[in-house]
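All residue numbers for the sequence shown refer to our numbering, where the first residue is 160 and numbers rise by one.
Contents: one structure, followed by commentary.
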Amino acid sequence: MPILPLVLWDTDAEGPNAAADILVSECIVAGWTGRDRAALEHHIAELEKLGVKRPASTPIFYRVSAARLTVDDAIEATGTASSGEAEFVLLKSDGKLWIGVGSDHTDREVETYNVTVSKQMCEKPIAPMFWAFDAVADHWDELQLRSTIVEHGVEIVYQAGSVAAMLPPAALLALWNEAADLAEGHLMFCGTLAAKGGIRPSPRFNFELHDPVLRRTIRGGYGITELPVVG
160 MPILPLVLWD TDAEGPNAAA DILVSECIVA GWTGRDRAAL EHHIAELEKL GVKRPASTPI
220 FYRVSAARLT VDDAIEATGT ASSGEAEFVL LKSDGKLWIG VGSDHTDREV ETYNVTVSKQ
280 MCEKPIAPMF WAFDAVADHW DELQLRSTIV EHGVEIVYQA GSVAAMLPPA ALLALWNEAA
340 DLAEGHLMFC GTLAAKGGIR PSPRFNFELH DPVLRRTIRG GYGITELPVV G
């Protein structure tokens, strides 16, 4: 179980609290969390044509080793078929719910035959900053997710849009368990946006969660080193 150096910005604080070592005992990746059911079904059908098996349920909750979580600015991935995706992240710590942002970096080749295994193949980078969920709950749908990648040496927008595209935290957690809550020390990735120009790898992936109401942004990013496949 990793102990991560995270900065928790509490509801009434004028600025971020000091960094603290936070134990994360369980990591969950929620998939197929879109609010628009027709669009969700359309996307599932598209992926089925590419060989990605239909999920057993929507949403679906994958367990990933908490040891895969990292705040480092670089990861290593086997082969050339992995890529990141920006997601808002929920964390329960010290009895409170916190909101952050991370990347569900996934091996896309493995994803075609076993999604659960593909989620476990790669590190899951998160930004070290988290906001108190109470501070953003009243304007939740205003929050914006964004990611960029590097192509031909140029940084370009890869994903951009509102978190309103995904189920809100209360609705998602109600589908996760009867308590409609995370347990202490648990962290959940909560869904992503479509990639502009299609899913593809990049040597660099940057991600952010922006709050236009409180005028603040959480940013993270990492480089990807591709390890050779030799047999």
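A virtual CB, placed ideally from N, CA and C, is assigned to each residue, including glycine.
query	result
Do you know how far the Cα of I162 is from the Cα of A294?	25 Å
What are the complete alpha helix (DSSP H) segments, minimum 4 residues, inside the region 180–215?	196–208
Taking E268 as part of the alpha helix (DSSP H), name the residues at either end of that continuous run.	R267 to E270
Mark R325 as exposed unless 16 or more other C-beta atoms lie within 10 angstroms of its C-beta, in which case mark it buried.	Before going on, a small fix: residue 325 reads as Met here, not Arg. By the neighbour-count rule (16 or more Cβ atoms within 10 Å), M325 is buried.
Three-state secondary structure (DSSP) at A177?	coil
Measuring CA to CA, which of C186, K355 and F247 is closest to F220?	C186
State yes or no: is the C-beta of G382 within less than 9 Å of the C-beta of V260?	no
Measure the C-alpha to C-alpha separation of I358 and G320 and round it to an integer number of angstroms.	16 Å
Could you give the first and the last residue of the continuous beta strand (DSSP E) run that contains L167?	I162 to W168
Taking 9 Å as the cut-off, decide whether the C-beta atoms of F289 and L341 are in contact.	no
Take E270 and list the residues in its own chain whose beta-carbon comes closer than 7 Å to its own, dropping the five residues that flank it on each side.	V211 and S277
If we require 3 or more residues per run, which beta strand (DSSP E) segments fall completely within the region 243–296?	245–252, 255–262 and 288–291
Counting C-beta neighbours from all protein chains within 10 Å, is the total for G193 16 or more, i.e. buried, or is it exposed?	buried
With distances taken from CA atoms, which of P327, Y317 and T275 is nearest H298?	P327
Which value, in whole angstroms, describes the spacing of the CA atoms of L167 and R227?	21 Å
DSSP three-state label for E367, please.	strand
Expressed to the nearest angstrom, what Euclidean distance is found between the alpha-carbon atoms of T376 and G390?	43 Å
Taking the continuous beta strand (DSSP E) assigned at L346, which residues delimit it?	H345 to F348
With L304 as the anchor, note down where its beta strand (DSSP E) starts and where it stops.	Q303 to E310
Tell me whether the beta-carbon of R305 lies closer than 9 Å to the beta-carbon of E246.	no
What number of angstroms, rounded off, separates the C-alpha of T217 from the C-alpha of E200?	10 Å
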